[in-house]
Amino acid sequence: MPPPPKPPKALTPRQLRRAAIHADVPDGQVPGGLAGQLVVFTEELRGEGMAVGTSELIDATVALGAVGWSDREAFRETLSATLAKSPEDRHVFELVFDRFFFRAAELEAVRHASGTPDPDAQETGDQETGGDGEGVDGDQGGDGDGGPPDLDAVRDLIARAIADGASGQMGDLASLAIGSVGGHVNDTGVVGVDVQRIRRALDLKPDADPEAPEDDPRRKGLPREGIREFEQALRRELERRRIERLGELPPARALNQMDRALPTGAGQSLADIHRVVRQLKRRLNTQGHELRGQRRRTQVDLRATMRASLQTGGVPVVVKERAIRPRRPEIYVLCDVSTSVTSASLFFLSVLHALHDAFRKMRSFVFVERISEVTELFEREREFEKVSQAIGRDAGVADVTGYTDYGRVWREFLEQTQDDLNPRSTVIVLGDARTNGRDPAEAAFAQIADRAGRAFWLNPEPALYWDYGDSVISRYAPYCEVHECWTGDQLEDFVTALTSRAVTGQR
Amino acid sequence: MRRIVTAAPETVDELASALRGVGYLPGTRTALVSHLAVQLDKPVLVEGPAGVGKTELAKALAEVLGRDLVRLQCYEGLDEAKALYEWNYRKQLLAIQARTAAGPGAEEAADTQGDVFGHDFLLERPLMRAIASPTPVVLLIDEIDKTDQEFEAMLLELLSDFQITIPELGRIEASSQPIVLLTSNNSRELTEALKRRCLYLWLDYPELEHELAIVRGRVPGLSASFSRRLVEVIAEIRALDLKKPPSIAESIDWARALLLLGADDIDQDVFRDTLSVIVKHRTDLDLVAERVGLRLPQASASAD
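Heads up: the sequence lines are chains A and B, in that order. Each residue of the first sequence is one higher than the last, beginning at 19 in the numbering used here. Each residue of the second sequence is one higher than the last, beginning at 41 in the numbering used here.
Structure, rendered in structure tokens:
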């Protein structure tokens, strides 16, 4: 068992972290060998918002002593069992782990073989992508020399691999793809753009293609997951080549916010959505109990206390308190489904409907130019994609232009719900407040907010973009609480506020 | 029957095969973390959806290591008196009364004061029992997320130092180091302090092959191809957005039920009749019947 790590003295953790991120540590500057590297790694985790204590770091080191670190999987699992203590943390851990060791391997390659990059770098790169699958025949290095392989053959090969879910081959296929498509697509220097260009050049689409030949996997459409995996391999390979070319590491990006943002993009998997919903559901279900625990001493239930006192001869030894029950709010949700915010809205609606047990009553509306009630639709359909199709087909919310018309929406909403809105109801609007130059009609909105007990506005745009262009969010802000809502955390905070605030209101 | 194993498993692989030997099929991660728990004497926090074998893991570990399993089932409102120790109030009263009857005296009264808070009047509850046991045990604290935060805080002393402080008696230290497993359904965030003291293991629904092995292990009477079919259907059902997806325990129940009924293939009729074994929610039943049930093969004509 190795001795517990001593925090390196020469550099402060902050410096270490900077050093690791900007990759300007000269040889031997990170003291303490593996333990020192672990400290740097921990610092990166902390930088991404994980709370890792020193005691956990010590645990990790001791645990590594008990397991050994020759096996990559065991090493990774040991670290994650000691450092990452929730499913969310695990997700972050895995991203950081990949980034950290990818960069470490690249840094070594650059340091040792600057000038003659190929054999070394190729090797580390392969290890990185976990090259445990069988290799793929084809022109590996293909940077111009030896003539690019036939593009159609490569297309077929990759489409087939994606359809079969052969993740072990992705790394090799990615370099093959770059080699063969490289001539046709100009290198823009922006990795994300290059990835998309190569993907398009390879004709990888999730949609079914009826014109494809009978046995071609593209005929039925490729699985989205597979395409995403391939894109990741491409990205990694492109980054590696770029490092090779420039002979230095670019500064590390903070974990792409998209990795943790709300699943709104079309490419996001259903599994992600379900995961978020399931978590929210669980939290909400138990939230009432937790509150009862914390605010236990609120009101004495005299009757129950008297009854209990009979056991002790009329002396009220045990004081009984009245239980607090969370109030279940009535909710009216209005969601903008114009193209700019559709997926965010539908996602939000599905979440709320998945949680409908928590509310006394819930009615949902979607709007673009007109408003349409979709409560029933959500009760009937449970699959996210089906719902969005049905809304696009039946709701009839777009009239002529397809641009949001808030004034008309407020008026129609008032007409439909005038008799039902009361101080106990909560109105939630989800939209980007972009009026496309039309009248925002905040007076009508004020009327709605006035009738309802509470009004919230959720804006799926980052606060940075508010009030730029045709966004008029500040015109509505006086009448409601405006929340920024574009990551899972923010959504969860909001849902918590929505249900727990009711308890306070009751007191 | 408990098997006494003389030597504790030394490596991850040994532990994994030992667990397999008692009928628990661990994933690589599970085996690794269990190994760490045994080697480092650290408590393990096991999280995951209901019915993926969190509790079973503790039982299997106890069996492999030849230790007793002490179980504390948590629930809302669980307090120290039920988890740690309690003074035997009635016995104390009786003792005092007996002494008063025997003949009141000033010195004796003072003695009584000391006596009634002795070990004889202490009722040991699971946590205390786990610590005070002369032979090491496996302590399972089940569904820790059901308790409130005060209780969690109380556990901290136990988990980091394996000791309990009783005001009248002083500190009681563990005479043996228990292996502690805490399970949680992740229904609320546990406190950072608690998490920091534990190793973390996230158990999820197993891969298809893994679950197949589990079902085959538990229900050996079912044919290989039929078990595979069954596990595939279960995986399909889990992919739907259900209120309560079927757990491993329910797959096994279903396999047993089908074996009992003598079904030889999962067709629509069989599926409809036995659906309630795996799906336990009214709305889920409809959804599953519609999405999965209709795609199964029609019952053969002879069945009608």
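C-beta: ideal position from N, C-alpha, C; glycine also.
Could you check how far apart the C-beta atoms of residue i and residue j are, in whole angstroms? I think they sit under 8 Å.
{"i": "L327 of chain B", "j": "L282 of chain B", "result": "7 Å"}
{"i": "A84 of chain A", "j": "L76 of chain B", "result": "6 Å"}
{"i": "E255 of chain A", "j": "S356 of chain A", "result": "About 38 Å separates the two Cβ atoms, so there is no contact after all."}
{"i": "D307 of chain B", "j": "L336 of chain B", "result": "6 Å"}
{"i": "P83 of chain B", "j": "S74 of chain B", "result": "Not a contact, Cβ separation roughly 12 Å."}
{"i": "L163 of chain B", "j": "E126 of chain B", "result": "4 Å"}
{"i": "C114 of chain B", "j": "T231 of chain B", "result": "About 14 Å; that fails the 8 Å criterion."}
{"i": "T60 of chain A", "j": "L75 of chain A", "result": "5 Å"}
{"i": "L56 of chain A", "j": "A78 of chain A", "result": "6 Å"}
{"i": "V336 of chain A", "j": "A326 of chain A", "result": "5 Å"}
{"i": "V500 of chain A", "j": "N477 of chain A", "result": "6 Å"}
Compute the Euclidean distance between the alpha carbons of residue i and residue j, then round it to the nearest angstrom.
{"i": "P339 of chain A", "j": "G117 of chain B", "result": "In the sequence as displayed, the identity of residue 339 of chain A is Glu instead of Pro. Each residue's alpha carbon lies about 13 Å from the other."}
{"i": "L241 of chain B", "j": "R169 of chain B", "result": "25 Å"}
{"i": "E126 of chain A", "j": "L52 of chain A", "result": "15 Å"}
{"i": "W484 of chain A", "j": "R165 of chain B", "result": "58 Å"}
{"i": "E91 of chain A", "j": "I176 of chain A", "result": "27 Å"}
{"i": "E124 of chain A", "j": "F115 of chain A", "result": "14 Å"}
{"i": "E330 of chain B", "j": "A408 of chain A", "result": "18 Å"}
{"i": "F248 of chain A", "j": "I216 of chain A", "result": "11 Å"}
{"i": "V138 of chain B", "j": "V333 of chain A", "result": "Note on residue identity: the sequence assigns Ala, not Val, to residue 138 of chain B. Straight-line Cα distance between these residues: approximately 25 Å."}
{"i": "G106 of chain B", "j": "H250 of chain B", "result": "26 Å"}
{"i": "S200 of chain B", "j": "S224 of chain B", "result": "19 Å"}
{"i": "D119 of chain B", "j": "M194 of chain B", "result": "9 Å"}
{"i": "Y486 of chain A", "j": "E479 of chain A", "result": "11 Å"}
{"i": "W294 of chain B", "j": "I318 of chain B", "result": "6 Å"}
{"i": "I349 of chain A", "j": "R442 of chain A", "result": "9 Å"}
{"i": "T175 of chain B", "j": "S227 of chain B", "result": "34 Å"}
{"i": "K24 of chain A", "j": "R259 of chain A", "result": "Confidence at K24 of chain A is low in this model, with a pLDDT of 45, below 50, so its placement is unreliable and the value that follows should be read with caution. Those two C-alpha atoms are separated by around 37 Å."}
{"i": "K94 of chain B", "j": "D182 of chain B", "result": "9 Å"}
{"i": "H40 of chain A", "j": "E112 of chain A", "result": "Since pLDDT at H40 of chain A reaches only 47, below the 50 mark, its modelled position is unreliable, and no value is offered."}
Counting only Cβ pairs nearer than 7 Å, list the residues of chain C close to residue i.
{"i": "G487 of chain A", "result": "In the structure shown, chain C cannot be found, because the protein chains are A and B."}
Report yes if the CB atom of residue i is closer than 9 Å to the CB atom of residue j, and no otherwise.
{"i": "L124 of chain B", "j": "I204 of chain B", "result": "yes"}
{"i": "L196 of chain B", "j": "L243 of chain B", "result": "no"}
{"i": "V384 of chain A", "j": "L367 of chain A", "result": "yes"}
{"i": "V332 of chain B", "j": "E276 of chain B", "result": "yes"}
{"i": "F161 of chain B", "j": "A135 of chain B", "result": "yes"}
{"i": "A14 of chain B", "j": "L85 of chain B", "result": "Only positions 41 to 344 of chain B appear in this structure, which leaves residue 14 of chain B out of reach."}
{"i": "D488 of chain A", "j": "R452 of chain A", "result": "yes"}
{"i": "L270 of chain B", "j": "L280 of chain B", "result": "no"}
{"i": "I254 of chain B", "j": "L101 of chain B", "result": "no"}
{"i": "I389 of chain A", "j": "D450 of chain A", "result": "no"}
{"i": "G189 of chain A", "j": "A251 of chain A", "result": "yes"}
{"i": "S406 of chain A", "j": "E87 of chain B", "result": "no"}
{"i": "A7 of chain A", "j": "L220 of chain A", "result": "This structure gives no information on residue 7 of chain A, because the portion of chain A shown stretches from 19 to 525."}
{"i": "P89 of chain B", "j": "S287 of chain B", "result": "yes"}
{"i": "V351 of chain A", "j": "I446 of chain A", "result": "yes"}
Please classify residue i: is it buried, with 16 or more other beta-carbons within 10 angstroms of its beta-carbon, or exposed?
{"i": "S265 of chain B", "result": "exposed"}
{"i": "W87 of chain A", "result": "exposed"}
{"i": "T100 of chain A", "result": "buried"}
{"i": "P260 of chain B", "result": "exposed"}
{"i": "Q79 of chain B", "result": "buried"}
{"i": "M324 of chain A", "result": "exposed"}
{"i": "N440 of chain A", "result": "exposed"}
{"i": "P49 of chain B", "result": "buried"}
{"i": "E229 of chain B", "result": "exposed"}
{"i": "P285 of chain B", "result": "buried"}
{"i": "E433 of chain A", "result": "exposed"}
{"i": "V80 of chain A", "result": "buried"}
{"i": "E394 of chain A", "result": "exposed"}
{"i": "V178 of chain B", "result": "buried"}
{"i": "R411 of chain A", "result": "exposed"}
{"i": "P207 of chain B", "result": "exposed"}
> Going along the region 215-243 of chain B in order, which residues come within less than 9 Å of chain A, judged by CB to CB distance?
Replying inline: N225, N226, S227, R228, E229, L230, E232, K235, R236, R237, C238, L239, Y240, L241, W242
> When you check each C-beta in the region 67-82 of chain B against every C-beta of chain A, which residues fall closer than 8 Å?
Replying inline: T68, R69, L72, V73, H75, L76, Q79, L80, K82
> What are the residues of the region 49-67 of chain B that lie near chain A, defined by any Cβ-Cβ distance shorter than 8 Å?
Replying inline: V52
> Quick one, which residues of the region 77-92 of chain A are near chain B if we go by CB-CB under 8 Å, in chain order?
Replying inline: D77, V80, A81, A84, V85, E91, A92
>> Against chain B, which members of the region 116-132 of chain A pass a CB distance test of less than 8 Å?
In response: none
> Relative to chain B, which residues along the region 62-77 of chain A have a C-beta separation below 8 Å, given in chain order?
Replying inline: A69, G71, S73, E74, D77
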